[in-house]
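Chemist: The numbering of the sequence shown is the working numbering, which starts it at 3 and goes up by one.
We treat Cβ as the ideally placed atom computed from N, Cα and C, and that holds for glycine.
Can you keep this structure in mind? I'll have questions shortly.
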Amino acid sequence: MSKKRKLKKKAAILIGVVVFFIIYFISFRIGINMEKDKSEVPKKVEKEEEDNRSLRTQIKEKKKVYISDKNIENIKIEEDMWDEIKLFFSDFKKVRNTTSSYEAVYEGYSDDGVKFSTDLNFFRVYTVNKEEYYKVPVSSKDAFKKLLDESIYTSFDLLSHYKDWKEVTITYGKEIKKVHRWKFDDLAHKMISKRVVGKVQPEKSKERSDYNFTINIKGDNFDVKVDTMGKDYVKVTSKKNVSYYEVHTSLFDYLKNEIFEIGKK
């Protein structure tokens, strides 16, 4: 009988230990979930506050923005140019809606779903669930259009789309060389932009340089001319649109040493 009592006692102790750990584990999990719920409350509130900001404010804070028009699609706007475009936004006046004749001339989007478009009379910012319209002042219309065109046709991102190139020639003095299609990617990869700059320093650099080259690129619905201005700068021209960039010296070195083989002759 004593042995049975001892066995029952041990079994009771074992069961008690198991029950203790089960209760402890359940209590521990409940505690974690409660802490998790508490920690998520501020995040939820913060998200709701962010959603309440105007879409114009949201799009202004984006760093990566892409733009298209009727001819060219999905060109990344240079950060310096985007900063200039955003300066116009403060002059735009919010309106209820536009007329039914609204037809976008330019369309763009950020990398997280905020989109915009404009017919140059109105500026529309929208997401899947929300949209806002703003009136573009008549006095700003031409300057706004010019900057949007420059952001597309003189963007270095356009120059990197070598698969859209049809014909490329490079001029040095009176010598002209045609670049074969299988070398388009080599040339494109040498054109590396650092930043947008004004015209004064590039023009001075061109005057001091013994070698300057001109690249003419014909593509689908665009013609672009790239003038080297010494080793460190280029001038990008497309129709009436002009931009200056500080660039890596890899382009100048490639044109001088590989294309025209100056110094090797």
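Sorted by chain position, which residues of the same chain lie with C-beta nearer than 6 Å to M193's C-beta, five sequence neighbours on each side aside?
Modeler: Cβ neighbours of M193 beyond the five flanking positions: L161 and L253.
Chemist: What whole-angstrom Cβ distance do K137 and F94 have, given they're in contact under 8 Å?
Modeler: Sure, about 6 Å apart at Cβ, within 8 Å.
Chemist: Looking at the strands, I want to know which residues DSSP matches up with V181.
Modeler: Looking at the DSSP assignment, V181 forms a beta bridge with V170.
Chemist: Pull up the distance between the alpha-carbon of V116 and that of K78, whole angstroms please.
Modeler: When rounded, the distance between both Cα atoms is 15 Å.
Chemist: What does DSSP give as the partner residues of T59 in its beta bridges?
Modeler: DSSP lists no partner for T59.
Chemist: How far does the alpha helix (DSSP H) with E205 in it extend, from its first residue to its last?
Modeler: Per DSSP, E205 belongs to the alpha helix (DSSP H) from V202 to R210.
Chemist: Rounded to whole angstroms, what is the Cα-Cα separation between K65 and F124?
Modeler: Their Cα atoms are separated by approximately 23 Å.
Chemist: Tell me the rounded alpha-carbon separation between I61 and V127.
Modeler: Looking at the two C-alpha atoms, the distance is approximately 8 Å.
Chemist: Would you mind stating whether N218 and D225 have Cβ atoms separated by less than 9 Å?
Modeler: For N218 and D225, yes; Cβs fall inside 9 Å.
Chemist: Could you check how far apart the C-beta atoms of Y247 and V198 are, in whole angstroms? I think they sit under 8 Å.
Modeler: With a Cβ gap of about 6 Å, Y247 and V198 count as contacting.
Chemist: I need the straight-line Cα distance from T230 to H250, nearest angstrom please.
Modeler: Distance between the alpha carbons of T230 and H250: 11 Å.
Chemist: Helix, strand or coil for K220, going by three-state DSSP, please let me know.
Modeler: Reduced to three states, the DSSP call for K220 is strand.
Chemist: Leaving aside the five residues before and after N99 along the sequence, list all residues of the same chain whose C-beta is less than 6 Å from its C-beta, in chain order.
Modeler: Within the same chain, N99 has close Cβ partners Y135.
Chemist: Measure how close the beta-carbons of N76 and E152 come, nearest whole angstrom, since I'm counting them as under 8 Å.
Modeler: Contact flag wrong, Cβ pair sits at about 17 Å.
Chemist: Cα separation between Y174 and H163?
Modeler: Straight-line Cα distance between these residues: approximately 24 Å.
Chemist: Where K46 and R55 are concerned, what is the direct C-alpha to C-alpha distance, given to the nearest angstrom?
Modeler: Note that K46 scores a pLDDT of 43, beneath 50, so its modelled location is shaky; the value from the coordinates is reported in the next line. Going by the C-alpha atoms only, they are around 15 Å apart.
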